[in-house]
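If you read the sequences in order, they're chains A and B.
Quick note: the first sequence uses this note's numbering, first residue -17, plus one each step.
Quick note: the second sequence uses this note's numbering, first residue 1006, plus one each step.
Here is the structure we will look at.
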Amino acid sequence: MTASVVPDPVSGAPQAMSEQHTSVVIDNIQKRELWRFWMLVFFFAALGILVLAPLFIHQVLQAGQALSPGLAHRGLSPRGAFVDRNGEILAADRYFYQVTTTPTHFVDDEERRTVATQLQELADLPFAQTYDLLVTYQYSLFVELAPVISLEAGQRIVDAQAKLEKEVGAGPLLHVDLTPAPKRYYPENTLAAHVVGMMVRLDDDPWPEGFYGLEGYYNNFLRQRDGIGLTAKPDASLTDLPANVRRFLPSVANKDLILTIDRTVQWIIEDELQKGLQRYRAKAGTIIVMNPRTGEILGMANAPTFNPNQLSKEDIGALQNASISAQYEPGSVFKVVTASAVLDTGIITPTQKLTDTGSIVVGTRVILNSSRVAWGPVDMTEALARSLNVITAQWALLLGEDRFYTYVNRFGFGQVTEVDMAGEVYGIYKKPDTEGWSESDLGTNSFGQGLAVTPIQMINAVASIANGGKLMRPYVVGARVTDGKVQVTKPTVKSITMKPETAATLTKILVEVVNEGNSAAGVAGYSIAGKSGTAQIPTAEGYTEDETIVTFVGYAPADDPQFIVLVKMDRPDPSISPWANYTAAPVFAQVARRLFDYYNIPPDAMRLGN
Amino acid sequence: MLQRSSLPSTPSAEIAESLQRTLDRRWMRSLQESLPLPVTWQQYMLLLAIVSIIVGGMALHVLLSLQIAEARLQVRLLRVEYERIERDNSEVVYQIAMRSSLSQIEALATAQGFGPATGRILVPRTELGDEAVAGDAVTDVVVPADAGSRQPARAQESTLRPAAGTGPPVSQDWIAQGGAWWQTTQQSFGTAVDQFVRDVTGRVK
């Protein structure tokens, strides 16, 4: 090629060369170009195969593998579980299958019969019922063949469908749809029913919603799909909790509540409440057990109660949690509020005596002792032990309305305690600036008449005495669990009701009150501080003669309170006794006795060594 | 796209003419200037390498996309399997909860002769002696109630015994007694000295 002449690139005019030589050059060039061309073809083909081959494999050869495997039913959201403080389940979800189909998919009667027969064999669904539904709704796009069938029965249908699809590839049974759906259950039935609440499907709701109690209060938290998360920084992880507490956690919904309720305490108080109601033929009742130091509710029982698993059979009047939504006149148990106010302000000392004249006029009203007896000079202990209305009214007059109602407010009356359950009410009392208030109200309010409180307010107020004057926010949920994180409820002081010294003094007085005035509430060997209260029931015509509401609130051991108990019974049979001292107090003693056993609290002599 | 210098020598006037026509186009000329075709074999190899990298990247992208799609599918399948296991687990929890409810436990306990624990007898620590104090165990023994009787099931007489392995052997009792005596003596001696100092100096030690 050394002699070859290339054409002029600009003009293109060939230069002179021999024809033979030119032919050889062209051959060489063509061969070389051809080799380069095929090299390029091969190279790009290889690269193309590198890209296209996997696409072909996955899009064609493995077509269909990426189809949706059928995600779970997206309708009703699972809800988190409730466990008590020891990890025992109080509410959780159980799964069922809902059986539905599109009737228009069945082309003839033979297919409908086949499906009805197969469903009877596999899931025990009655042939006639299934067949009737398919015929009746044969032109519809949706029909529910069974609202719930068990997981085992559902699995049998799924297996049969898989077998049918594999062997035949088609069949009427393949038109049957199974959707897993959660259903709430409460293994303890009536136990703590008012605390856990219930699931109710209202008219305009497609799914049941939480109602009352914790189900209602935490409704927005408990739903898996649209529930809110933790409202603050988590305190711990789930694995930090004791093994017994987290043994059933997390649930499917992964949004669970660990309650402060102790199942055994709840059992004890429900048992004693039932016995008390039977013994004294009372119409209704409430027992609350609380830790006075923290405000944790350990048990809360009401009667009549209900079974949240069978709401359709229950009386609707029994569904409300009377512990937080029933207002009543507390009666003499309210005297501890007046006593603490008069002690805390220093107006009266524990040993200072006032004269009980048997009656006193406050405003326009004459106030008498319930015994109608004048006891003469009495100190605070005796006044509370004998539950003297006249002396209590004197204390209120010494305090004056401003200071008296300031203390009433500090104890949390007339306001919600903020316990975390749905349905709490405020309670009622008239203040001096309220229309219709008169000085007579000051006198009657001082011993618990003319105002309305809830049981949770009353126990919380007395708990503040046991807690050195700190009024706590009562709570039922000890911790919330979401995605393995735990947010622990911290005890919250709502207000300071009195000085710690006043609380200590009042505790000593209340121990004497139990020893001398409410001995039926005592448990041998233990120091118990408490006070009873008997209130007549107000009606439009005035107070009823025989019907009463009896209450006893007490805490123990008095020197180191581990629990506080409120016992309230409505309308005990007056032929047995209308008085709290003979009805509520013995029930309290029974509860306290069992709690001493349960918590392994030895008698004072052993515990304190004296 | 062709570059003039890469063309082989050809005598064909038609080819040259065609090439000239092509090169006369303005856009081809500008393209040629900005992206010259390889002329030497080194440039040729460089071009191939660049094209290989681009196509290799495309292939990698396709492969990774497929792997991601496969992984997603796998995750979805696992999710479905997980939900199924959760449902089965819920059923197990339901069975456990129903069988361990307090009403069930009460029925079982009653059937076996157990009853409420009442009449517990507690003994002060001071009366237990060193063994029980050291063992720190005051244990109630729960026994089935006698068949046919309705007596409380919890034993009326508690058995006091130290926790296993924590109580001192009987043969070493004298050592424990000696220790207690020494502690008492020390305390009384300390109190007596304090009292003496207080009496003499009027100050509390």
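Idealized CB from N, CA, C, for every residue including glycine.
1. Can you tell me whether DSSP reads residue 1139(B) as helix, strand or coil?
2. Could you please give the first and the last residue of the uninterrupted beta strand (DSSP E) stretch that includes residue 518(A)?
3. To the nearest angstrom, how far is the alpha carbon of residue 423(A) from that of residue 553(A)?
4. Scan the segment 221 to 243 of chain A for residues whose Cβ lies nearer than 8 Å to a Cβ of chain B and list them as they occur along the chain.
5. Relative to the C-alpha of residue 261(A), which residue among 565(A), 577(A), 590(A) and 574(A) is closest?
6. Using 8 Å as the Cβ pair cut-off and three pairs as the minimum, do the segment 503 to 515 of chain A and the segment 288 to 302 of chain A touch?
7. Name the chain B residues that come within less than 9 Å of residue 508(A), Cβ to Cβ?
8. Using the Cα positions of residue 126(A) and residue 154(A), report the straight-line distance between them to the nearest angstrom.
9. Only counting runs of 3 or more residues, tell me where the beta strand (DSSP E) segments fall wholly within the segment 140 to 193 of chain A, in order along the chain.
10. To be precise: take each residue of the segment 169 to 187 of chain A, compare its Cβ to all Cβ atoms of chain B, and keep it if any distance is under 8 Å. Which residues remain?
11. Do residue 532(A) and residue 251(A) count as a contact pair if the criterion is CB distance below 8 Å?
12. In or out: residue 1031(B) buried (at least 16 other Cβ within 10 Å) or exposed?
13. Could you check what DSSP says for residue 80(A) in three-state terms: helix, strand or coil?
14. When we look at the beta-carbon of residue 39(A) and count the other beta-carbons within 10 Å, is it buried (16 or more) or exposed?
15. Can a CB atom of chain B be found closer than 8 Å to the CB of residue 415(A)?
16. Going by alpha carbons, who is nearest to residue 287(A) out of 277(A), 312(A), 259(A) and 273(A)?
17. Taking a contact to mean a Cβ-Cβ separation below 8 Å, would you say residue 192(A) touches residue 204(A) in this structure?
18. With C-beta atoms as the reference, is residue 377(A) less than 8 Å away from residue 441(A)?
19. Taking the alpha carbon of residue 493(A) as the point to measure from, which residue in 158(A), 281(A), 588(A) and 447(A) has its own alpha carbon closest?
20. Relative to the alpha-carbon of residue 369(A), which residue among 355(A), 380(A) and 85(A) has its alpha-carbon at the smallest distance?
21. In whole angstroms, what is the alpha-carbon distance linking residue 1121(B) and residue 248(A)?
22. Return no unless some Cβ of chain A is closer than 8 Å to the Cβ of residue 1031(B).
23. Does any CB atom of chain B fall closer than 8 Å to the CB of residue 245(A)?
24. Quick check on this structure: which residue in 350(A), 10(A), 185(A) and 470(A) has the alpha carbon closest to the alpha carbon of residue 458(A)?
25. Might you give, ordered along the chain, the residues of its own chain that have their beta carbon closer than 7 Å to the beta carbon of residue 1083(B), omitting 5 neighbours on each side?
26. Which residues, in order along the segment 1033 to 1061 of chain B, keep a beta-carbon less than 8 Å from a beta-carbon of chain A?
27. Count the other CB atoms, across all protein chains shown, that sit within 10 Å of the CB of residue 1156(B); report buried if there are 16 or more and exposed otherwise.
28. Take the Cβ of residue 24(A) as the centre, count every other Cβ of all protein chains shown within 10 Å, and call the residue buried at 16 or more, exposed below.
29. Inspect the beta-carbon positions of residue 86(A) and residue 123(A) and report whether they are closer than 8 Å.
30. Quick check on residue 9(A): buried or exposed, where buried means 16 or more other Cβ atoms within 10 Å of its Cβ?
31. For residue 76(A), go through chain B and note every residue whose CB falls closer than 7 Å to its CB, in chain order.
32. Alpha carbon to alpha carbon, what distance is there between residue 22(A) and residue 1070(B)?
33. Within the 8 Å Cβ cut-off, does residue 1102(B) reach chain A?
34. Is the Cβ of residue 282(A) closer than 8 Å to any Cβ of chain B?
35. Round the Cβ separation of residue 437(A) and residue 270(A) to the nearest angstrom and send it over; I've been treating them as touching at under 8 Å.
36. Return the first residue and the last residue of the beta strand (DSSP E) that residue 283(A) is part of.
The relevant details are as follows:
1. At residue 1139(B), the pLDDT of 45 sits below 50, so the modelled position is not reliable; the number obtained from the coordinates is stated separately. In the structure shown, residue 1139(B) sits in a helix (DSSP, three-state: H, G or I).
2. 511 to 521
3. 25 Å
4. 230, 233 and 234
5. 565(A)
6. no
7. Within 9 Å Cβ-Cβ: nothing; residue 508(A) doesn't reach chain B, min ~11 Å.
8. 16 Å
9. 158 to 167, 180 to 182 and 191 to 193
10. 169, 170, 171 and 173
11. no
12. exposed
13. strand
14. exposed
15. no
16. 259(A)
17. yes
18. no
19. 447(A)
20. 355(A)
21. 15 Å
22. no
23. yes
24. 470(A)
25. none
26. 1053, 1056, 1057, 1060 and 1061
27. Any answer about residue 1156(B) is weak, because its pLDDT of 34 lies below 50 and its placement is not dependable; what the coordinates show is given next. By the 10 Å Cβ count, residue 1156(B) comes out exposed.
28. exposed
29. yes
30. exposed
31. 1095, 1096 and 1099
32. 28 Å
33. yes
34. no
35. 6 Å
36. 279 to 285
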